[in-house]
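Visitor: Residue 24 in the working numbering sits at position 20 of the sequence shown, and the numbers go up by one each step.
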Amino acid sequence: MKRAERVFGGEKYRWVIFGACWIMVMVCLGFMSTSRSLYLAPVTESLHIPRSVYSLAEVFRYAATAIINFFFGKIIVWLHTRRMIALGFVSLILSAVCYSLADGAVLLCLAGTFLGIGLAGTTTAMIGYVVEQWFDRKKGTVMGLILAANGFGGAAASQLLSPVIYNEMRGGWRKAYVITAILMAAVGILIVLLIRDRAEKAGSHPAQQAAEAENGPKEWAGLSLEEAKKTGYFWPALACTLLTGMMLQSLSGIASAHMKDSGLDIRTVSLALSVFSLGIAFTKPLTGVIFDGIGLRRTMLICSGSGMAAAFLLGAMTDSPAMALTYSLFAAFAMPLETILLPLIALEMFGRKDYSRIMGIFASVSVTGYAFGSPILNLIYDLSGSYRKALFCLGVMMFLITITMQILIGKAEKKKCSYKNK
């Protein structure tokens, strides 16, 4: 890998980092997260457990991710980038192994815990941190392109793993997890060899701009975490982030099972999931480009409106393939709310001054929402036999969140302008 540094030395090495992050997101999110809904029905039927019990693993997963993200700013200083990513891959391997051996709630919850730790060290928060370290312009576009890899990974996982998961003659869902564990090990070794702890080591850290900034236009430094907490929009923005995470993860977590319950055959469900995954591959970089072009407020409006439409469409789902595919497209436009937009919300509303800590808190709160979403919806399913009413309620909630966030972003923009004018 020293050769890569010589060939892509200095500022060019950032593109090696870009490639490594792209592959990492494709494999980790695509095979360990996006494809999760494929396992819901076969695992619960095989183990003879209710879906609400299966969702306990998701509670442990999101609790682990929330804790890691909450302390992300301190952990990254202690472990540095490479070691934190290495720990993430080890955790993902252990998660896949535990899932493959699961025979009840205990191993499922242990697997969920390892999954949460692993994704915290390899996905959204880590990507936000690495992009902030290595890139000084068009961060929204860069982050969007990297996180779009999730879509390609999810589409590949859907097509490669579905035939194994739903075919007991091929080993079923247990073998699918063994295959995933092997993939995590192979990719993890490659990424750890390529990644670098700090951009300064390759001469690419945008901190070089600090010296240049004295001769150029002054930039808003931002707020410390303590200052941010005293604004009138920090806590409401966190509340909206919590509810958005709960809503979006609920949709993605039960979508495949709900489509199957609505009368769609497994091939159509698999196709819809692939369209969703490929849609993410398109919408995440597009969201980054839109953000760089028209700012946070309008970008949030587009994505939030798509989330609202997706909830209503899934709630009204029939055995129509067209409806399933339309839902997948709207859901794909909504998903950037829980990935690329989280670091950008932290950056735009509160600045760089305490970025890693504030970004980690927003990511943590979003994941906490994940922990509540799927268990609540699956409990409703166990009690009523349907997700429909709950999905319509989520659509109304997303409408209220959309309005609230527009108001909060407006307040943050006024605050930023007041600091710049001092």
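Just so it is clear, CB atoms sit at the ideal spot from N, CA and C, and this is done for glycine as well.
This one's a predicted model, so the numbers in the text were calculated from it and none came from an experiment.
Among A243, S99, I384 and G155, which has the Cα closest to the Cα of A185?
Guide: S99
Visitor: Assign G226 to one of three DSSP states: helix, strand, or coil.
Guide: strand
Visitor: Less than 6 Å between C-beta atoms, sequence neighbours within five positions excluded: which residues of the same chain meet that for S95?
Guide: F118, I121 and G122
Visitor: Taking one C-beta from the region 30-47 and one from the region 149-160 each time, how about it: are there three or more such pairs within less than 8 Å?
Guide: yes
Visitor: DSSP on G108, reduced to helix/strand/coil?
Guide: coil
Visitor: From the beta carbon of Y374, is the nearest beta carbon of chain C less than 9 Å away?
Guide: The displayed structure is made up of one protein chain only, and chain C is not part of it.
Visitor: Give every residue of the same chain whose Cβ lies closer than 7 Å to the Cβ of L111, excluding the five residues on either side of it in the sequence, and list them in chain order.
Guide: C102 and L105
Visitor: Rounded to the nearest angstrom, what separates F74 and A68 at their Cα positions?
Guide: 10 Å
Visitor: Kindly indicate which residue of C25, T406, G292 and E62 has the alpha-carbon position closest to the one of S41.
Guide: E62
Visitor: Going by Cα to Cα distance, which pick from T303, R361, P325 and D323 is closest to P340?
Guide: T303
Visitor: Drop a sphere of 10 angstroms on the beta-carbon of K78, count the other beta-carbons inside from all chains shown, and report buried for 16 or more, exposed for fewer.
Guide: exposed
Visitor: Report the residue from V369, Y331, W82 and V279 whose alpha carbon sits nearest the alpha carbon of S162.
Guide: V279
Visitor: Compute the Euclidean distance between the alpha carbons of I97 and V47, then round it to the nearest angstrom.
Guide: 19 Å
Visitor: In this structure, how does DSSP classify G283 when only helix, strand and coil are distinguished?
Guide: helix
Visitor: May I have a chain-ordered list of the alpha helix (DSSP H) segments no shorter than 4 residues that lie completely inside the region 54-93?
Guide: Segments of the alpha helix (DSSP H) lying fully in the region 54-93: 55-58 and 60-74.
Visitor: Nearest-angstrom Cα distance between G207 and S360?
Guide: In this predicted model, G207 has a pLDDT of only 47, less than 50, meaning its place in the structure is not dependable enough to derive any value.
Visitor: Could you check how far apart the C-beta atoms of S37 and P379 are, in whole angstroms? I think they sit under 8 Å.
Guide: Actually they are not in contact, since the Cβ atoms of S37 and P379 sit about 17 Å apart, beyond 8 Å.
Visitor: Look at Y170 and N382 and say whether their C-beta atoms are less than 9 Å apart.
Guide: In this structure, N382 does not lie closer than 9 Å to Y170 by Cβ.
Visitor: Take Q213 and list the residues in its own chain whose beta-carbon comes closer than 7 Å to its own, dropping the five residues that flank it on each side.
Guide: Residue placement at Q213 cannot be trusted, given a pLDDT of 44 that sits under 50; the coordinates are not used to answer.
Visitor: Using DSSP with H/G/I as helix, E/B as strand and the rest coil, what is G116?
Guide: Helix at G116.
Visitor: With a cut-off of 8 Å, do at least 3 Cβ pairs link the region 353-369 to the region 312-322?
Guide: Short answer: they don't touch.
Visitor: Give every residue of the same chain whose Cβ lies closer than 6 Å to the Cβ of L114, excluding the five residues on either side of it in the sequence, and list them in chain order.
Guide: C102
Visitor: Need the endpoints of the alpha helix (DSSP H) that M30 sits in, please.
Guide: Y17 to M36
Visitor: From the DSSP secondary-structure annotation, give me the bridge partner or partners of G442.
Guide: The shown model of the chain, from 5 to 426, leaves out residue 442, and the question about it has no answer.
Visitor: Candidates V293, L247 and I183: which alpha carbon is nearest L404's?
Guide: L247
Visitor: Counting only the same chain and skipping the five closest in sequence on each side, list residues whose C-beta sits under 7 Å from that of L165.
Guide: S39, L42 and A180
Visitor: Would you call A211 buried or exposed, if buried means 16 or more other Cβ atoms sit within 10 Å of its Cβ?
Guide: Here the model assigns A211 a pLDDT of 42, short of 50, so the residue's position is not dependable, and the following value carries that caveat. Residue environment: A211 is assigned as exposed (fewer than 16 neighbouring CB atoms within 10 Å of its CB, all protein chains considered).
Visitor: Straight-line CA distance for M250 to L187?
Guide: 29 Å
Visitor: Helix, strand or coil: which one does DSSP assign to E218?
Guide: At E218 the pLDDT is 44, less than 50, meaning the model places this residue with poor confidence and gives no usable figure here.
Visitor: Could you tell me how far apart the beta carbons of V196 and C25 are, in whole angstroms, since I believe they sit closer than 8 Å?
Guide: The Cβ separation is near 13 Å, so there is no contact.
Visitor: Please say whether G34 and A189 have beta carbons closer to each other than 9 Å?
Guide: Contact: no.
Visitor: If you drop the 5 nearest sequence neighbours on each side, which residues of the same chain put their C-beta closer than 7 Å to that of G399?
Guide: If we look at G399 and ignore the five residues flanking it on each side, its Cβ neighbours are M312, A315, F316 and G319.
Visitor: Identify, in the order they occur along the chain, each residue of the same chain with its Cβ nearer than 7 Å to the Cβ of R178, setting aside the five sequence neighbours on each side.
Guide: Shown here for R178: same chain residues with a beta carbon closer than 7 Å to its own, the five before and five after excluded, namely S104 in chain order.
Visitor: Give the C-beta separation of A276 and S332 to the nearest angstrom, bearing in mind that I take them to be a contact with Cβ-Cβ under 8 Å.
Guide: 5 Å
Visitor: Could you pull out every residue in the same chain whose Cβ sits closer than 6 Å to the Cβ of V191, ignoring the five residues on either side in sequence?
Guide: V31
Visitor: Keeping to the same chain, check which residues put their C-beta closer than 7 Å to that of H262; ignore five residues upstream and five downstream.
Guide: L318, M321 and Y391, listed in sequence order.
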